[in-house]
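A short write-up of the structure that comes next.
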Amino acid sequence: MPDAPLHRAPGRGRLFRSAPMRLLLALLALLPLVAVAQNAYYFPQAQAADFDPDVPTPEQFLGYPLGTHYTRHDRIVDYFRELARVSDRITLQQTGRSYEERPLVAAIVTSAANHGRLETLRAAHATQRDPAAAVPTQLPVVVGLYYSVHGNETSSGEAALLTAYYLAAHRGAETTRWLDEAIVLIDPAQNPDGRDRAANWHNAWKSNPPVADPLDKEHVEPFPMGRTNHYFTDLNRDWLAVTQRETRPKIALFHQWTPNVQIDFHEMGAGSTYYFEPSPSSMHSPLLPQASYDFNVTLARYHAQGLDALGSLYYTKENFDNFSPVYGSTYPDFHGGVGVTVEQGSSRGLVQDTAGGPLEFRFTIRNQVATGLATLRGAVAEKPGLLALQKDFFRSALSQGRRHDAAAFVFGDAHDPSLTRRLLDLLLLHRIEVHALARETTIDGTTFSPGSAYVVPSAQPQFRLVHSIFETTPEVKESVYGSTSYAIAHAYGIAFARARRAPALGEQVQALPPVEAGIVGGQARYAYAIDWRDQAAPRVLAALLAQDIRVRSAFQPFTARTADGETAFSYGTLVVPLAGQTLAAEALHAAVDAATREAGVRAHALSTGQSVAGIDLGSDSVRPLRKPRIALVMGQGVNATEIGSTWFVLSEQLRWPVTRLDPTQLARAPLGDYTSLVLAGGHYEDWSEATIETLRGWIRAGGSLVTFGSASQWAIDRKLVDGLGPAPARDADDTARADFGQRRDLLAEDRISGNLVSADADISHPLAFGVPRRALFVNKETAVVLPPARDRFSTVVRIDDAPLVNGYVSARNRARLGGAPWAVVAATGRGSVVLFADDPAHRKYWHGTERLLLNALLLSDQLVPAGRR
Numbered sequence: 001m002p003d004a005p006l007h008r009a010p011g012r013g014r015l016f017r018s019a020p021m022r023l024l025l026a027l028l029a030l031l032p033l034v035a036v037a038q039n040a041y042y043f044p045q046a047q048a049a050d051f052d053p054d055v056p057t058p059e060q061f062l063g064y065p066l067g068t069h070y071t072r073h074d075r076i077v078d079y080f081r082e083l084a085r086v087s088d089r090i091t092l093q094q095t096g097r098s099y100e101e102r103p104l105v106a107a108i109v110t111s112a113a114n115h116g117r118l119e120t121l122r123a124a125h126a127t128q129r130d131p132a133a134a135v136p137t138q139l140p141v142v143v144g145l146y147y148s149v150h151g152n153e154t155s156s157g158e159a160a161l162l163t164a165y166y167l168a169a170h171r172g173a174e175t176t177r178w179l180d181e182a183i184v185l186i187d188p189a190q191n192p193d194g195r196d197r198a199a200n201w202h203n204a205w206k207s208n209p210p211v212a213d214p215l216d217k218e219h220v221e222p223f224p225m226g227r228t229n230h231y232f233t234d235l236n237r238d239w240l241a242v243t244q245r246e247t248r249p250k251i252a253l254f255h256q257w258t259p260n261v262q263i264d265f266h267e268m269g270a271g272s273t274y275y276f277e278p279s280p281s282s283m284h285s286p287l288l289p290q291a292s293y294d295f296n297v298t299l300a301r302y303h304a305q306g307l308d309a310l311g312s313l314y315y316t317k318e319n320f321d322n323f324s325p326v327y328g329s330t331y332p333d334f335h336g337g338v339g340v341t342v343e344q345g346s347s348r349g350l351v352q353d354t355a356g357g358p359l360e361f362r363f364t365i366r367n368q369v370a371t372g373l374a375t376l377r378g379a380v381a382e383k384p385g386l387l388a389l390q391k392d393f394f395r396s397a398l399s400q401g402r403r404h405d406a407a408a409f410v411f412g413d414a415h416d417p418s419l420t421r422r423l424l425d426l427l428l429l430h431r432i433e434v435h436a437l438a439r440e441t442t443i444d445g446t447t448f449s450p451g452s453a454y455v456v457p458s459a460q461p462q463f464r465l466v467h468s469i470f471e472t473t474p475e476v477k478e479s480v481y482g483s484t485s486y487a488i489a490h491a492y493g494i495a496f497a498r499a500r501r502a503p504a505l506g507e508q509v510q511a512l513p514p515v516e517a518g519i520v521g522g523q524a525r526y527a528y529a530i531d532w533r534d535q536a537a538p539r540v541l542a543a544l545l546a547q548d549i550r551v552r553s554a555f556q557p558f559t560a561r562t563a564d565g566e567t568a569f570s571y572g573t574l575v576v577p578l579a580g581q582t583l584a585a586e587a588l589h590a591a592v593d594a595a596t597r598e599a600g601v602r603a604h605a606l607s608t609g610q611s612v613a614g615i616d617l618g619s620d621s622v623r624p625l626r627k628p629r630i631a632l633v634m635g636q637g638v639n640a641t642e643i644g645s646t647w648f649v650l651s652e653q654l655r656w657p658v659t660r661l662d663p664t665q666l667a668r669a670p671l672g673d674y675t676s677l678v679l680a681g682g683h684y685e686d687w688s689e690a691t692i693e694t695l696r697g698w699i700r701a702g703g704s705l706v707t708f709g710s711a712s713q714w715a716i717d718r719k720l721v722d723g724l725g726p727a728p729a730r731d732a733d734d735t736a737r738a739d740f741g742q743r744r745d746l747l748a749e750d751r752i753s754g755n756l757v758s759a760d761a762d763i764s765h766p767l768a769f770g771v772p773r774r775a776l777f778v779n780k781e782t783a784v785v786l787p788p789a790r791d792r793f794s795t796v797v798r799i800d801d802a803p804l805v806n807g808y809v810s811a812r813n814r815a816r817l818g819g820a821p822w823a824v825v826a827a828t829g830r831g832s833v834v835l836f837a838d839d840p841a842h843r844k845y846w847h848g849t850e851r852l853l854l855n856a857l858l859l860s861d862q863l864v865p866a867g868r869r
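According to the numbering used here, the stretch in the sequence shown is residues 1 to 869, in order.
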């Protein structure tokens, strides 16, 4: 709280304070007593005299006791800045900004002496990753405490304030030892946008006294809730794919320090108690050494002691997987650290009634504080073992990579430099060793060329992360908590191959090479051609259409003479003719050049419309594209993460404005203003007949509805779709008798969650333009199985009859998926419905099928042949 303003009496040399100021000072004098009471609750083992009075408690700084109000993100940052100002134990750095421009910060907490040689200690700790280096002597253990990755799991953000205060202010011998022997990284709010969304909701609806009824509005957040970030991304699933602005600096900080222990603080349902690892052995990754999981058991003893001291209920080993490097609690496991998920039953408000009695917000905070401090106690006590574990981890990873049956992975596509560059960037961000390809190499029928392809050796300390990106996920014997497949390269849809013998290596790549973009061949005399196979080509199209430049799409391949010689162009190639434009030739050249340079794409100048092979540029198969007007349905009942992926692609990648409509608007909105409407998975059973009839009329009048997963099934059930074949037979309920004790496991076996499934794509269909090969991997996240289109040319993506399935899918579900359509275009009246069995832009990194989504929206009037409309 700021100092009271001073007033000087006229003509007098002494200071006086007004009556209101005296009252304020009297209240301020009570704050230390209140702070003592709050410290006694949150730190029951500590004495008041143990704390430095010059370091303000969170309550003294914020003006309210923690647990009585939800602290906004800006105030969390303000408090950490204050701690850094008054304490020589804490430094604070801003690492980036969220999409809503909130600062991303990280605090480094250690002794003043360690702060004086922080870079030396960091460099020494970095040698842990070098299998040939010895373990340095007197090396601090590095502990990461990561809070609020899910914004509405709010107890952790408050706990970050108290934990930082304790480390800055406590003067006990044990704390002094911790600070001497550890470097603590604190990220107080990994998801500031989601946290403020939740905090503002709870604060707006709190009452005095608090209302504990779980049905009260304070406890029931509306769409999209605060779990996700601005684009509705679950940031806890983004550590491997790194699609979001909030994740990138977090990964960079991680690799500066490579924590030995990292705790990710979460919440779960109000009816639960407290969970910490070890996780079930069935949810462990066979890629990791058992010693990594054994250390979870070691740290669990300290967590149990911390909660035992409070008398808090807890459990371990029953759920939550430790399988995939996509999580904040497992990414450290793939770097020789010990990652731990902790989950606190959530009050979702100041107090909520549960079967176990009233659950108070302050109680949930206290448990998180106790676990954080117990982590430090355990990390310092077990420091020799943790340092040895990490050193042995990278040594064994190098050895494991040398024994792997693929000596290297080669990737890159000359026709898609944008996607190649994106994967290269991801590998460098993860500190993976990558080399340029030295000589042309053909592996399993795919040819890779120098300048457009790269090599990733298996024999490297980061082998386990290399495996996670290029290989299929290790086999899972039963369903796990989250996605059972996370193979990045397969999801990207990029050309890559396993090389049994490493090809000739060029120089190691240390940074992204310069982008080759813009027009090749100077000013065109006839047209410009842009290969649609480049992942960034849709961004060029969006930029040109925004300027009302006329663009066409080639529905057949052709070969043209260019400055590079004879260049083959595939399905979907953009053709920008000089004829028919409102811009003069010079202005058109400037516009195309600017759009391609901004997107990082090459355009070819063509001097004639006559092709060397294939169609000529005046063919009816080079069709004009209309300027799309796209609306996304967002609101209660809609799957936020799915619709968020579409919003992200359109906003951040295409820079295309889209209208976001609430479901309640549909019945009265002028839908004729829009060419496409996207309906992600969700629950739409309560939509009125008027809304459904409005939607049906819009489609039949020429609109294009794009649906995912459960929305596709809903659209079929509500007869919004024509032109489909017989629906697949639905499974009858399993009525065979089973033991109640097996219920959870048996239901989990039939759950489909995040699986990679091989499929065949008709790349000559406009929906699949730009997909480089017929062989495609799709994400299977739901149990939805689509019927085929009656038009035999409109089942665009079909799961293989005997598909490669990576992840866990039960035998019954495998039988249902074999040969099932995954993407179907159905002509309906003068419009169309594009049905996807699952989200084609899954978690914002499934670029292989993301192309289908963009085609559905940008080519919406070209998806159904005119003769069949």
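Ideal Cβ positions, reconstructed from N, Cα and C, are used throughout, including at glycine.
Checklist line | Contact set for S272: own chain, Cβ-Cβ below 6 Å, skip 5 residues either direction | finding: G345
Next item on the list: Can you tell me the Cβ-Cβ gap for Y274 and L313, rounded? I've got them flagged as a contact below 8 Å.
Entry: 7 Å
Notebook entry, point to check: For the putative contact between L179 and T110, defined by C-beta atoms under 8 Å, what is the C-beta separation to the nearest angstrom?
Noted result: 5 Å
Item checked: Unbroken alpha helix (DSSP H) run spanning A541, endpoints -> For the sequence presented, residue 541 should be read as Leu rather than Ala. For L541, the enclosing alpha helix (DSSP H) stretches over residues 537-546.
Margin query: Please list the terminal residues of the continuous beta strand (DSSP E) segment that includes D435.
Written below: The amino acid at residue 435 is misidentified as Asp; the sequence shows His. It spans 435-437 - the beta strand (DSSP E) in which H435 sits, taken as one unbroken run.
Notebook entry, point to check: What separation, rounded to the nearest whole angstrom, lies between the Cα atoms of G288 and N203?
Noted result: Sequence inspection shows Leu at residue 288; the Gly mentioned does not correspond to that position. Using only the alpha carbons, I get a separation of about 43 Å.
Next item on the list: Could I get the ranges of all uninterrupted alpha helix (DSSP H) runs contained in the region 536-604, with 4 residues as the minimum, in chain order?
Entry: 537-546, 585-599
Note to self: Report the start-end ranges of each alpha helix (DSSP H) in the region 738-825 that is 4 residues or longer and not cut off at the edges.
What the structure shows: 743-749, 811-817
Checklist line | Simplified DSSP state of T364, which is helix, strand or coil | finding: Reduced to three states, the DSSP call for T364 is helix.
Check: Taking the runs of the alpha helix (DSSP H) that are 4 residues or longer, which of them lie wholly in the region 274-309?
Finding: Within the region 274-309, the runs of alpha helix (DSSP H) at least 4 residues long that lie entirely inside it are, in chain order, 290-308.
Check: Can you tell which of D861, L359, L606 has its C-alpha closest to the C-alpha of T562?
Finding: L606
Item checked: Which listed residue (A189, D722, A199, Y79) has its alpha carbon closest to that of R790 -> D722
Notebook entry, point to check: Distance, Cα to Cα, I186 vs A107?
Noted result: 5 Å
Check: Based on Cα-Cα distance, which residue from G521, R421, V242, F409 lies nearest to F470?
Finding: F409
Item checked: Nearest neighbour of V338, chosen from P538, V142, E781, P840 [CA to CA] -> V142
Notebook entry, point to check: Rounded to the nearest angstrom, how far is the Cβ of A159 from that of F265, given a contact under 8 Å?
Noted result: 7 Å
Check: Just the Cα atoms here: how many angstroms apart are R402 and A504?
Finding: 17 Å
Check: Rounded to a whole number of angstroms, what is the C-alpha to C-alpha distance between T163 and S832?
Finding: In this structure, the alpha-carbon of T163 lies about 56 Å from that of S832.
Check: When the Cα atoms are used, what is the spatial distance from L15 to V342?
Finding: Because the pLDDT of L15 is 32, which lies under 50, any placement of that residue in the model is unreliable, and the number read from its coordinates should be weighed accordingly. Rounded to the nearest angstrom, the two C-alpha atoms are 53 Å apart.
Check: R870 lies in the alpha helix (DSSP H); which residues open and close that run?
Finding: No answer is possible for residue 870: the residues shown for the chain start at 1 and end at 869.
Checklist line | CB of G725 within 8 Å of CB of P787, strictly | finding: yes
Item checked: Beta-carbon contacts of L588 that lie in its chain and below 6 Å, excluding the five residues immediately before and after -> Q581
Next item on the list: Please report the residue range of the alpha helix (DSSP H) in which S710 lies.
Entry: Here the alpha helix (DSSP H) through S710 covers 709-717.
Item checked: Cβ shell of T559 (< 8 Å), same chain only, five flanking positions each side left out -> Answer for T559: E566, T567, A568, F569, S611, V612, A613, G614, listed in chain order.
Check: Looking at the structure shown, is Y331 part of a helix, part of a strand, or coil, going by DSSP?
Finding: coil
Checklist line | Nearest-angstrom beta carbon gap, R195 and G226 [assumed within contact, 8 Å] | finding: 6 Å
Item checked: Residue range of the beta strand (DSSP E) that includes I519 -> 518-520
Next item on the list: Output the distance between the C-alpha atoms of L705 and P222, rounded to the nearest integer angstrom.
Entry: 25 Å
Notebook entry, point to check: Excluding five sequence neighbours on each side, which residues of the same chain lie with their C-beta closer than 7 Å to the C-beta of T694?
Noted result: L666, A667, L671
Next item on the list: Determine the contact status of A823 and V784, defining contact as a CB-CB distance below 8 Å.
Entry: Not closer than 8 Å, so no.
Checklist line | V520 versus A487, L541, D593, residue with shortest Cα-Cα distance | finding: D593
Check: Are the beta-carbon atoms of S553 and P628 separated by less than 8 Å?
Finding: The answer is no: Cβ separation not under 8 Å.
Notebook entry, point to check: Looking at the structure shown, is V864 part of a helix, part of a strand, or coil, going by DSSP?
Noted result: coil
Next item on the list: Please list the segments of the beta strand (DSSP E) lying wholly inside the region 134-203, counting only runs of 3 or more residues, in order along the chain.
Entry: Within the region 134-203, the complete beta strand (DSSP E) runs of at least 3 residues are 141-146, 182-187.
Note to self: Measuring CB atoms only, is the region 203-214 touching the region 83-98, in the sense that at least three cross pairs come out at less than 8 Å?
What the structure shows: no
Notebook entry, point to check: Going straight from the alpha carbon of M283 to that of D321, what length do you get?
Noted result: Rounded to whole angstroms, M283 and D321 show a C-alpha spacing of 5 Å.
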